[in-house]
Amino acid sequence: KAGVTQTPRYLIKTRGQQVTLSCSPISGHRSVSWYQQTPGQGLQFLFEYFSETQRNKGNFPGRFSGRQFSNSRSEMNVSTLELGDSALYLCASSSGTGGEKLFFGSGTQLSVL
Amino acid sequence: DQQVKQNSPSLSVQEGRISILNCDYTNSMFDYFLWYKKYPAEGPTFLISISSIKDKNEDGRFTVFLNKSAKHLSLHIVPSQPGDSAVYFCAAIIFSGGYNKLIFGAGTRLAVHP
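These protein sequences, in sequence, are chains A and B. Numbering-wise, the numbering used here puts 98 at position 98 of the first sequence, and it's gapless, one number per residue. Numbering-wise, the numbering used here puts 95 at position 95 of the second sequence, and it's gapless, one number per residue.
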């Protein structure tokens, strides 16, 4: 069974640009969650999608948005990038019914210059 | 407001000794706890978990202890090996709004040296 796939692995953008990250969950998983990891801040929850609907959202500004497609693949978009958005963005999938064990992708390392 | 706290950002242990990673939480409604391990350039992987109705769970070299009265859990690694060097995240689950919500701590970087 293939794991969680995130693309691209690395991204370099400049302030003010926008970026879209992609996540393909494990086959059969209907829940996709997004996390931001920065040094010292751990894993900060962005949002979770289940069956194409956002059902949970963290405390991030509206510049951070996402969506989920009918095949459970998910995209995350960040508009008007700021230097502080530089981080590792992780996607995790689960069945969505119990949800306690998440399976993470390797992440997208975003650098904003 | 951090509901799950890992107050030690780093820990250094000699190979063969015990590693103890600590985690405190503030919400008594948490009903499940997990530990994840993360190597550089990889996503976190599930390590071990414990239900709030238990006080200990063991899996090989890894044991998690839960002290509900103190709202504290710890991960013990015995014996520690160099391959255990990684960042360890404590996480808690709360059932809210009809589904489970996972909250992570800031992580502790463990270095196991020969």
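Where is the CB? At the ideal position from N, CA and C, for every residue including glycine.
Item to check | residue 85 (chain A) - DSSP class collapsed to helix/strand/coil | outcome: helix
Checklist entry - So which residues on chain E does residue 90 (chain A) lean against when the C-beta distance must stay under 7 Å? => result Checking the listed chains, one finds no chain E in this structure; the protein chains it contains are A and B.
Checklist entry - To the nearest angstrom, how far is it from the Cα of residue 82 (chain A) to the Cα of residue 19 (chain A)? => result 11 Å
Next on the checklist: I want to verify the contact list: residues of chain B whose CB lies under 7 Å from the CB of residue 55 (chain A), in sequence order.
Outcome noted: 99
Checklist entry - For residue 18 (chain B), does the count of other Cβ atoms within 10 angstroms reach 16, so buried, or fall short, so exposed? => result exposed
Checklist entry - In this structure, does DSSP put residue 55 (chain B) in helix, strand or coil? => result coil
Next on the checklist: Taking the alpha-carbon of residue 87 (chain B) as reference, which of B:61, B:112 and B:68 has the nearest alpha-carbon?
Outcome noted: B:112
Next on the checklist: Quick check on residue 84 (chain B): does DSSP put it in helix, strand or coil?
Outcome noted: helix
Checklist entry - Do residue 106 (chain A) and residue 43 (chain B) come within 7 Å of each other at the CB atom, strictly closer than that value? => result yes
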